[in-house]
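Protein chains in written order, with our numbering: chain A, 447 to 562; chain B, 361 to 477.
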């Protein structure tokens with residue numbers, strides 16, 4: 447079974463530029479998550495989709511971050527414009543169902559973003 | 361407030377010795393608890409989870425964890441450490457209903473495990 451695919455693996459941009467990350471979840475997984483992992487911290491959920499609907503985006507900085515999951519499969523996360531504090535690893539995960547019922551989340555390798 | 365605490369930034373252990381990585385949590389209601397491991401330049405990998413039932417949960421790679429409701433703890437253990445176990449370990453708890461994002465996981469800051477030959 448193929449895992450969660452993310453691209454690119456690394457991205458370096460200057461502040462105020464825009465950037466986009468792509469995620470392809472495990473086939474058949476209805477729920478997709480985007481996390482932000484700042485160095486030295488645990489992952490923090492940014493947004494959670496159930497199929498193509500948003501379940502939780504309470505911690506997404508909506509003035510600069512946006513995400514979509516068209517057709518309930520692939521997803522993109524965009525930052526526009528980027529700030530220095532956005533430097534982090536962006537992790538995508540997927541699960542068969544919602545985390546609340548104990549479903550295991552499977553993570554991609556992440557995209558490491560450096561904002562200069 | 362809901363939270364997960366991993367009180368040790370790093371745990372050092374000699375190969376062949378038992379290891380414990382500590383985790384305490386704060387959440388209302390019955391907790392769903394998870395342990396994940398992260399190797400360099402890799403995503404998080406699931407180790408084990410506690411939903412209900414036996415307080416001792418067995419997981420991947422010989423790891424186990426003990427749920428203690430009275431101490432609100434979920435410590436990760438392994439009887440005999442391997443050098444290859446060296447990695448970053450994260451404890452996570454499901455957020456409580458009604459607290460915003462009911463189905464999301466809250467992660468601790470992580471504990472780096474270093475197993476020395």
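C-beta: ideal position from N, C-alpha, C; glycine also.
My assumption, with CB atoms under 8 Å, is that residue i sits in contact with residue j. Please give the rounded CB distance.
i                      : j                      : result
residue 479 of chain B : residue 553 of chain A : Because residue 479 of chain B is not part of the residues shown, which for chain B are 361 to 477, the question remains open.
residue 447 of chain B : residue 410 of chain B : With a Cβ gap of about 20 Å, residue 447 of chain B and residue 410 of chain B do not count as contacting.
residue 549 of chain A : residue 541 of chain A : 4 Å
Out of the options, which has the shortest C-alpha to C-alpha gap to residue i?
i                      : options                    : result
residue 536 of chain A : A:518, A:497, A:485, A:463 : A:485
residue 530 of chain A : A:518, A:462, A:521, A:516 : A:462
residue 393 of chain B : B:470, B:465, B:471, B:476 : B:465
residue 401 of chain B : A:516, A:502, A:455, A:527 : A:455
residue 469 of chain B : B:368, B:361, B:362        : B:368
With a threshold of 7 Å (Cβ to nearest heavy atom), would residue i be considered close to the ligand COA?
i                      : result
residue 413 of chain B : For the ligand COA, the structure offers nothing, since it holds no ligand at all.
Could you please give the first and the last residue of the uninterrupted beta strand (DSSP E) stretch that includes residue i?
i                      : result
residue 479 of chain A : 477–483
residue 396 of chain B : 393–398
residue 451 of chain B : 447–454
residue 498 of chain A : Premise fails: residue 498 of chain A is in no beta strand (DSSP E) and is neither H nor E.
residue 558 of chain A : 557–561
residue 423 of chain B : That residue, residue 423 of chain B, is in no beta strand (DSSP E); it is neither H nor E in DSSP.
residue 365 of chain B : 363–365
residue 382 of chain B : Per DSSP, residue 382 of chain B belongs to no beta strand (DSSP E) and is neither H nor E.
residue 513 of chain A : 511–514
residue 452 of chain A : 451–453
State yes or no: is the C-beta of residue i within less than 8 Å of the C-beta of residue j?
i                      : j                      : result
residue 471 of chain A : residue 478 of chain A : yes
residue 406 of chain B : residue 415 of chain B : no
residue 539 of chain A : residue 481 of chain A : yes
residue 439 of chain B : residue 378 of chain B : yes
Please state whether DSSP places residue i in a helix, a strand or coil.
i                      : result
residue 535 of chain A : strand
residue 443 of chain B : helix
residue 523 of chain A : strand
residue 416 of chain B : strand
residue 517 of chain A : helix
residue 436 of chain B : strand
residue 544 of chain A : coil
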